[in-house]
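Visitor: When you line the sequence shown up against this note's numbering, it's residues 142 to 565, in that order.
Where is the CB? At the ideal position from N, CA and C, for every residue including glycine.
Just so we're clear, the structure is a prediction, and the values are computed from it rather than from any experiment.
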Amino acid sequence: MHEYASPPSSPRCVPPSTTLIPLRIDDCSDCPKVLQAASSSSSACSRSTESDLASSHDPESVYLGASKLIDDVVENFHSGVRKPTQPFVGVNPAVHEIFRDRLPTEHPEVNDKLRYDFDAVNELFSLRMPEPVHDEIGRGLIKLLLQRVRKAVEEYNDVVDLTDQHRDGASSTIMMGDSKSRMSPDESIKFHKECYPPFVLEIGHTQDGDTLALKADQWYEGSKCKTKTIVAITVEYWDPKKREQRMAKDKGSGFGRRCGYTVYKEEKGIDDKGPWRQLGCSGDGNDIVFSPQATIQGDEVAMVFNLADFTPSHILTSDNPGPNITITHNELRAIVAKAEEAQSIQDEEERKLKEIAKGLKRAASPTVNVRHNKRYLAVEAARESEAMIQQRGASSPSKDAGEGELDSEDGEFVPFKSKARGNP
């Protein structure tokens, strides 16, 4: 897992985080796309990208090329290989339409397991393949948050009519702004009749912190400032081949995966140029660590929100934020523990399937002892020689000096010995 700050200091092929750059309220009706400012650097990066599909402008050709790469991603998933987000460059809106129409039927596993984002400005199509630990943490936290939000709504109904306005958003893909770009949140809480969810939850398992910081900016700007609260959970990645060993070791010591979070919230202010708004982040951009157990002080530490964080700005504002909504670190660790159980179940199922596959492979292919390969070849050569001698013997009853026989004990070929000299 990576700790990170915003904006990042190192140059990348994506623009730095814009969390500290204020946006004028007047501009939020048409917020700039976060990747638009980096179109030149992104295109330079794309030229060296392994999965560059921009060589062909034919949508069908680009789709077929990307489709093969998707097959590789799915194959890696089944073999236990987890890689960071897979970017496919050169996917224009026409190709994206083909993806949207044909992925569910031609790649059902992708439709079931993968999530994707599409940036129309830079023609980037990104795939994400989550594991159970990723999905269960997201589902567990959003379920708990939704329960607390609905409880707060009931208590606050005497001030604002919020009955039945909130619903969980699952992981449906959302069109960003007026472009053809789309983003798929890991989890979200939507508000009735609103196009964009006010609250988005992103889980970083095979993604680093810089990626999540950038994603928070994309949500804020791409939604025209409608998505105003983004929580990024970072979960330490464990190699599947070493996961069982690590879990057994950590179980006895009280340690586990290192997990933390950063909360991004909209901030507003007024300066000499007028009102502004921007996306601020908790902890100066560094993760607030809640796992493992040994690094935490107790249950009093909590993730704190206001009801306004889950509602559109015209419903509740920072001046009237509503009641607090808290999720303690102990509750977060309980969610992670349940996610680990789900991950262990899948790991065990995959291990059994691999053992079955190995057994079938051994049964289907005959084995030869490698240590006796030379001896095996010598015996085979002797048998061939004996067959040739027998063929010659059928035409001539006498034995020539070069003839011999196969020794019955060790399978070696030895010349016939003359009985005229008294040899046995």
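Given this structure, state the Cα-to-Cα distance separating Leu448 from Ile211, to the nearest angstrom.
Guide: Rounded to whole angstroms, Leu448 to Ile211 spans 40 Å at the Cα level.
Visitor: So Ile468 and Met444 are in contact, right, with Cβ under 8 Å, and what is the actual spacing, rounded?
Guide: Confirmed, Cβ separation roughly 5 Å.
Visitor: For Glu238, which of Glu408, Arg323 and Ala522 has the nearest alpha-carbon?
Guide: Here the closest residue by C-alpha is Arg323.
Visitor: Going by the beta-carbon positions, is the gap between Ile315 and Tyr337 smaller than 9 Å?
Guide: Going by C-beta atoms, Ile315 is nearer than 9 Å to Tyr337.
Visitor: Tell me the rounded alpha-carbon separation between Lys495 and Ala261.
Guide: Straight-line Cα distance between these residues: approximately 40 Å.
Visitor: When the Cα atoms are used, what is the spatial distance from Asn465 to Val404?
Guide: Distance between the alpha carbons of Asn465 and Val404: 15 Å.
Visitor: Per DSSP, which one or two residues make a beta bridge with Ile315?
Guide: According to DSSP, which records beta bridges pairwise, Ile315 is partnered with Met324.
Visitor: Assign Ala522 to one of two classes, buried (16 or more other C-beta atoms within 10 Å of its C-beta) or exposed (fewer than that).
Guide: Exposed, by the Cβ-count rule.
Visitor: Using the Cα positions of Gln288 and Ser432, report the straight-line distance between them to the nearest angstrom.
Guide: Cα-Cα distance, rounded: 23 Å.
Visitor: Mind reading off the beta-carbon distance from Leu457 to Asp358? Whole number of angstroms is fine, and I expect it under 8 Å.
Guide: Not really, about 23 Å apart at Cβ, beyond 8 Å.
Visitor: Go ahead and label Glu525 buried or exposed: buried means 16 or more other beta carbons lie within 10 angstroms of its beta carbon, across all protein chains shown.
Guide: Burial call: exposed.
Visitor: Do you know how far the Cα of His470 is from the Cα of Val430?
Guide: When rounded, the distance between both Cα atoms is 9 Å.
Visitor: Measure the Cβ-Cβ separation of Lys365 and Pro453 and say whether it is below 9 Å.
Guide: No, Cβ-Cβ distance for Lys365 and Pro453 is not below 9 Å.
Visitor: Residues in the same chain with beta-carbon distance under 6 Å from His275, minus the five sequence neighbours each way, listed in chain order, please.
Guide: Around His275: Ile344 and His346.
Visitor: What separation, rounded to the nearest whole angstrom, lies between the Cα atoms of Ile476 and Glu277?
Guide: Using only the alpha carbons, I get a separation of about 8 Å.
Visitor: Flag this pair as yes or no: are the beta carbons of Ile371 and Val341 separated by less than 9 Å?
Guide: The answer is yes: Cβ separation under 9 Å.
Visitor: For the alpha helix (DSSP H) that Pro273 lies in, which residues bound it at each end?
Guide: Residues Pro273 to Tyr297.
Visitor: State the DSSP-derived secondary structure class of Leu161, mapped to helix, strand or coil.
Guide: Because Leu161 sits at a pLDDT of 32, beneath the cut-off of 50, its placement in the model cannot be relied upon, and the point is left open.
Visitor: Rank Asp450, Leu282, Tyr204 and Gln487 by C-alpha distance to the C-alpha of Arg384 and give the top, closest one.
Guide: The option with the nearest alpha carbon to Arg384 is Gln487.
Visitor: When you compare only the Cα positions, how much space is there between Ser208 and Val376?
Guide: Whole-angstrom Cα-Cα distance: 29 Å.
Visitor: What are the boundary residues of the beta strand (DSSP E) that includes Ile466?
Guide: Per DSSP, Ile466 belongs to the beta strand (DSSP E) from Asn465 to Thr469.
Visitor: Please go through the same chain and pick out, in chain order, the residues whose beta-carbon is closer than 6 Å to the beta-carbon of Trp360, but skip the five residues on each side of it.
Guide: Taken in chain order, the residues that qualify are Val341, Thr368 and Ile371.
Visitor: Whose C-alpha, out of Glu216, Lys414 and Trp379, is nearest the C-alpha of Ser485?
Guide: Here the closest residue by C-alpha is Trp379.
Visitor: Once you ignore the five residues that flank Pro462 on each side, which residues in its own chain have a CB closer than 7 Å to its CB?
Guide: Closer than 7 Å at Cβ, skipping near neighbours: Asn447, Leu448 and Ala449.
Visitor: Which whole-angstrom value describes the C-beta separation of Tyr257 and Ser325, a residue pair presumed to lie in contact below a C-beta threshold of 8 Å?
Guide: So it is a contact: roughly 6 Å between Cβ atoms.
Visitor: Do you know how far the Cα of Leu355 is from the Cα of Glu407?
Guide: In a straight line, the C-alpha of Glu407 is about 15 Å away from that of Leu355.
Visitor: Return the residue from the list Gly206, Glu216 and Arg474 that minimises the CA-CA distance to Gly397.
Guide: Of the listed residues, the one whose Cα sits closest to Gly397 is Arg474.
Visitor: Just tell me which of Asp213, Asp242 and Ser267 has its CA closest to the CA of Val232.
Guide: Looking at the Cα atoms, Ser267 is the closest of the given residues.
Visitor: I need the DSSP call for Ala261, collapsed to helix, strand or coil.
Guide: DSSP places Ala261 in coil when its eight states are reduced to three.
Visitor: Could you say which of Thr352, Asp327, Phe259 and Phe240 lies nearest to Met317 if we only look at CA atoms?
Guide: Selected option, being the one with the closest Cα: Phe259.
Visitor: For Leu282 and Tyr204, I'd like the C-alpha separation in whole angstroms.
Guide: Their backbone Cα atoms lie some 36 Å apart in a straight line.
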